[in-house]
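Shown next, in C-alpha cells, is the structure this report addresses.
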Amino acid sequence: MLTTIVLSCRRASCATSSCLQRQEENDFAAQSFRLSLQSRGPFRCFVSAQHGDEALMYKVYEPSTIFNALFWPLSIFCLSFVIIAILCTTGQCKAWNADALLIT
11 MLTTIVLSCR RASCATSSCL QRQEENDFAA QSFRLSLQSR GPFRCFVSAQ HGDEALMYKV
71 YEPSTIFNAL FWPLSIFCLS FVIIAILCTT GQCKAWNADA LLIT
C-alpha cells in the first residue's frame, strides 16, 4: 500500500514531501518508511472516520483551534472571578451573611 501511495505521488501533488524523480528512488523511500514503521512497534496514530484506510502519525492543530480551546474557557473563568469579586466587595458579602442561618 505504501508503494501505491508513493507511486501515485507522480500523478498528483504530494501532501508531505516532494516526489522523487526515479521509480527506484520512490521504491527505496517507501521501503525505508515501511522498515522504520516496523522497527518502532505499536504506536498511536489518528484515523479518519470517513477514510478508514488513511491515518496520521502526528496530529497538527491549527492556531485557531488552540486559541479557541485556551482563550474562551480562560476568559470566561477570569470574567466570572472578576464579577464575583466585584459583587463581594460592593455588597461586603452581607447578602451571604444574612442568610448564614439558612445555609448552615
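If you count the sequence shown from 1, you need to add 10 to reach my numbering.
Glycine residues also receive a C-beta, built at the ideal position from the N, C-alpha and C atoms.
Can you tell me whether residue i is helix, strand or coil according to DSSP?
{"i": "Ala65", "result": "strand"}
{"i": "Phe91", "result": "helix"}
{"i": "Phe43", "result": "helix"}
{"i": "Phe56", "result": "strand"}
{"i": "Arg32", "result": "coil"}
{"i": "Ser18", "result": "Confidence at Ser18 is low in this model, with a pLDDT of 42, below 50, so its placement is unreliable and the value that follows should be read with caution. Coil."}
Near residue i, what residues of its chain come up, given a Cβ to Cβ distance below 7 Å and the 5 sequence neighbours on each side ignored?
{"i": "Cys55", "result": "Ala65, Leu66 and Met67"}
{"i": "Lys69", "result": "Phe56"}
Give a yes or no on whether 9 Å exceeds the smallest Cβ distance from residue i to chain D.
{"i": "Ile93", "result": "Checking the listed chains, one finds no chain D in this structure; it contains a single protein chain."}
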